[in-house]
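Q:
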Amino acid sequence: MAAFPLRIGRSRSIWEDGTLEEILRLEFPSRDGGVDLRPSVYLVETHEVDRARSEHLVGRLGPPLPLAGVDLDLNGFVPPTPSRGTGDFEFTNSRHAELLLENADQLRDVARAVQAQEPRRLGRSLDSVMSYVASRLAVDDPEWVQRMADAPKWKKVLSKWLASRPQVH
Amino acid sequence: MSETAATSGTPKLAYYRTALQGEQSVDTTTADRPRFDRHGIDEFNWLARHDPIRLAHLTLTELNTDPVLLSQAAGAMASSAQGSLMTNVLLKLTQHPRPFVREAALVGLIPFYGSSVDARDRLREMASTDPSPGVREVAGEALLVL
Numbered sequence: 007m008a009a010f011p012l013r014i015g016r017s018r019s020i021w022e023d024g025t026l027e028e029i030l031r032l033e034f035p036s037r038d039g040g041v042d043l044r045p046s047v048y049l050v051e052t053h054e055v056d057r058a059r060s061e062h063l064v065g066r067l068g069p070p071l072p073l074a075g076v077d078l079d080l081n082g083f084v085p086p087t088p089s090r091g092t093g094d095f096e097f098t099n100s101r102h103a104e105l106l107l108e109n110a111d112q113l114r115d116v117a118r119a120v121q122a123q124e125p126r127r128l129g130r131s132l133d134s135v136m137s138y139v140a141s142r143l144a145v146d147d148p149e150w151v152q153r154m155a156d157a158p159k160w161k162k163v164l165s166k167w168l169a170s171r172p173q174v175h
Numbered sequence: 124m125s126e127t128a129a130t131s132g133t134p135k136l137a138y139y140r141t142a143l144q145g146e147q148s149v150d151t152t153t154a155d156r157p158r159f160d161r162h163g164i165d166e167f168n169w170l171a172r173h174d175p176i177r178l179a180h181l182t183l184t185e186l187n188t189d190p191v192l193l194s195q196a197a198g199a200m201a202s203s204a205q206g207s208l209m210t211n212v213l214l215k216l217t218q219h220p221r222p223f224v225r226e227a228a229l230v231g232l233i234p235f236y237g238s239s240v241d242a243r244d245r246l247r248e249m250a251s252t253d254p255s256p257g258v259r260e261v262a263g264e265a266l267l268v269l
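If you're matching them up, the sequences are chains A and B in order.
Residues in the first sequence are numbered from 7 upward in steps of one, following this note's numbering.
Residues in the second sequence are numbered from 124 upward in steps of one, following this note's numbering.
(1) Nearest CA to the CA of residue 232/B: which residue from 251/B, 222/B, 215/B?
(2) Please list the segments of the alpha helix (DSSP H) lying wholly inside the region 76-111 of chain A, counting only runs of 4 or more residues, in order along the chain.
(3) Spatial neighbours of residue 65/A within its chain, please: C-beta separation below 8 Å, excluding the five flanking residues on both sides.
(4) Residue 230/B and residue 198/B - do their beta-carbons sit closer together than 8 Å?
(5) When you compare the CB of residue 257/B with every CB in chain A, is at least one pair closer than 8 Å?
(6) Within its chain, find whatever has a CB closer than 8 Å to the CB of residue 144/B; leave out the 5 residues flanking it on each side and keep chain order.
(7) Taking C-beta to C-beta, are residue 242/B and residue 202/B nearer than 8 Å?
(8) Figure out for me which residue from 34/A, 8/A, 14/A, 52/A has the closest Cα to the Cα of residue 109/A.
(9) Just list the beta strand (DSSP E) runs in the region 196-226 of chain B, keeping only unbroken ones of 3 residues or longer that don't cross its boundaries, in chain order.
(10) May I ask you to list the residues that DSSP assigns as paired with residue 48/A?
(11) With a threshold of 8 Å between beta-carbons, can residue 160/A be considered close to chain B, or not?
(12) Relative to the alpha-carbon of residue 58/A, which residue among 88/A, 100/A, 26/A has its alpha-carbon at the smallest distance?
(13) Look up residue 127/A in the DSSP assignment and say whether it is helix, strand or coil.
(14) Are the Cβ atoms of residue 86/A and residue 104/A separated by less than 8 Å?
(15) Assign residue 19/A to one of two classes, buried (16 or more other C-beta atoms within 10 Å of its C-beta) or exposed (fewer than that).
(16) DSSP on residue 190/B, reduced to helix/strand/coil?
(17) Would you verify that the beta carbon of residue 222/B is, or is not, closer than 8 Å to some beta carbon of chain A?
(18) Can you pull the chain B residues whose beta carbon is under 7 Å from the beta carbon of residue 74/A, in chain order?
(19) Count the CB pairs spanning the region 202-212 of chain B and the region 178-190 of chain B that are closer than 8 Å, and state whether there are at least three.
(20) Taking the continuous alpha helix (DSSP H) assigned at residue 148/A, which residues delimit it?
(21) Would you please state the rounded distance, in angstroms, between the beta carbons of residue 118/A and residue 26/A? I believe it to be under 8 Å.
(22) Going by beta carbon distance, what residues of the same chain come within less than 7 Å of residue 167/A, once the five residues before and after it are set aside?
(23) I need the straight-line Cα distance from residue 190/B to residue 16/A, nearest angstrom please.
(24) Check the Cβ-Cβ distances between residue 20/A and every residue of chain B, and say whether any is below 8 Å.
This is the structure we're talking about:
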């Protein structure tokens, strides 16, 4: 199974009525108000998507960003250039890469393809992220145990999510 | 969003708009304010932490015609310590006609739901009646973990 570049998305509803230029600016922003011509991705296989999105979102960000966003399959554009990440997890650090684009038109082509091709938009849910986190804590994964020890807000979110699940008898 | 729609609103918001009118020069007198050549995430994050009144003012005025900038500003507001002010501005943004602005506003409100009955009521309303499927989904997930 071939790895593909997974982009962690920012908005869920932008795909409902966003124009191409709005998608470009909201999903691929540079921090200074422009667009990012070196968008970060993770090189993952299909079965590793939940791992990568969970490590990215819970490892770096406070709640509740996993609630939003649709993640993107950016396969078939510029070949990703590996660029080691600096997060809390070895897997996502080792799989981090960038699409080195030459100009905004290239990025526009990427956004246009994702806008037109729904299979490139990978649904993300709170369940998918919290289920993965709970599964790692259940086996005492040391990276996840450490992360949750450092992140009381996430522990609270996980507790509430677990409490909201139907009880299995 | 029209200027009228953006600047009308609740009495609380009217109060803050009035308050903002006397605070417009706050950022320009701050010696260590970084230079931002254009509006963007770095500027909004800085303002949320150091000059939330300026961020609120920008959101209600200059950014009003740019839904993407409104969304980015809404995301930055989550990191502000000025919860009451940010809550009122974000509640206004939950009425925006574009779904991705409403989504960003409900996400930006997450740190403030605990201290605002109005925000929690609005979240429940969005989870059940927002016309956007994506906004309803995000609001429903937020209700699970608040």
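Every residue gets a Cβ at the ideal spot worked out from N, C-alpha and C, and that includes glycine.
A: On the basis of the supplied data:
(1) To locate residue 232/B, count along the second sequence from 1; it is residue 109. In terms of CA proximity to residue 232/B, 215/B leads the group 251/B, 222/B, 215/B.
(2) 96-101
(3) Within the first sequence, numbered from 1, the residue matching residue 65/A stands at position 59. Cβ within range, chain order: 93, 94, 95, 98, 153.
(4) Walking along the second sequence from the start, residue 198/B turns up at place 75. Walking along the second sequence from the start, residue 230/B turns up at place 107. Yes, the Cβ-Cβ distance between residue 198/B and residue 230/B is below 8 Å.
(5) Here residue 257/B corresponds to residue number 134 of the second sequence, with the count starting at 1. It does: the Cβ of residue 257/B has a partner Cβ on chain A nearer than 8 Å.
(6) The residue labelled residue 144/B in the question sits at position 21 within the second sequence. At residue 144/B, the pLDDT of 44 sits below 50, so the modelled position is not reliable; the number obtained from the coordinates is stated separately. There are no such residues.
(7) Here residue 242/B refers to the residue found at position 119 of the second sequence. Here residue 202/B refers to the residue found at position 79 of the second sequence. No, these two residues do not count as a Cβ contact at 8 Å.
(8) Start at 1 with the first residue of the first sequence, and residue 109/A comes out as number 103. Ranking the options by Cα distance to residue 109/A, first place goes to 34/A.
(9) none
(10) Taking the first sequence and counting its residues from 1, one reaches residue 48/A at position 42. Residue 48/A is bridged to 12/A, 102/A.
(11) Position 154 of the first sequence holds residue 160/A. No, because no Cβ of chain B sits closer than 8 Å to the Cβ of residue 160/A.
(12) Here residue 58/A refers to the residue found at position 52 of the first sequence. Ranking the options by Cα distance to residue 58/A, first place goes to 100/A.
(13) In the first sequence, the residue the question calls residue 127/A occupies position 121. Note: residue 127/A maps to strand in three-state DSSP.
(14) On the first sequence, residue 86/A is found 80 positions in, with the first residue counted as 1. On the first sequence, residue 104/A is found 98 positions in, with the first residue counted as 1. In contact: residue 86/A and residue 104/A (Cβ atoms closer than 8 Å).
(15) The count along the first sequence starts at 1 and reaches residue 19/A at position 13. Within a 10 Å sphere around the beta-carbon of residue 19/A sit 16 or more other beta-carbons, which makes this residue buried.
(16) The sequence position of residue 190/B within the second sequence is 67, counting from 1. Assigned with DSSP and collapsed to three states, residue 190/B falls in helix.
(17) Here residue 222/B corresponds to residue number 99 of the second sequence, with the count starting at 1. Against chain A, the CB of residue 222/B has a partner CB under 8 Å away; the residue lies at that interface.
(18) As a first step, residue 74/A is located in the first sequence; it is residue number 68 there, counting from the start. Neighbours of residue 74/A on chain B, chain order: 226, 230, 261.
(19) yes
(20) As a working mapping, residue 148/A is identified with position 142 in the first sequence. Element bounds for residue 148/A: 148-155.
(21) Numbered from its first residue, the first sequence carries residue 118/A at position 112. Numbered from its first residue, the first sequence carries residue 26/A at position 20. Indeed they touch by this definition, with Cβ atoms about 6 Å apart.
(22) Taking the first residue of the first sequence as position 1, residue 167/A is located at position 161. So the list reads 132, 136, once near-sequence residues are dropped.
(23) Locating residue 190/B in the second sequence gives position 67, counting from the first residue. Locating residue 16/A in the first sequence gives position 10, counting from the first residue. If you take the alpha carbons of residue 190/B and residue 16/A, they lie about 14 Å apart.
(24) The residue you call residue 20/A lines up with position 14 of the first sequence. Yes, because at least one Cβ of chain B sits closer than 8 Å to the Cβ of residue 20/A.
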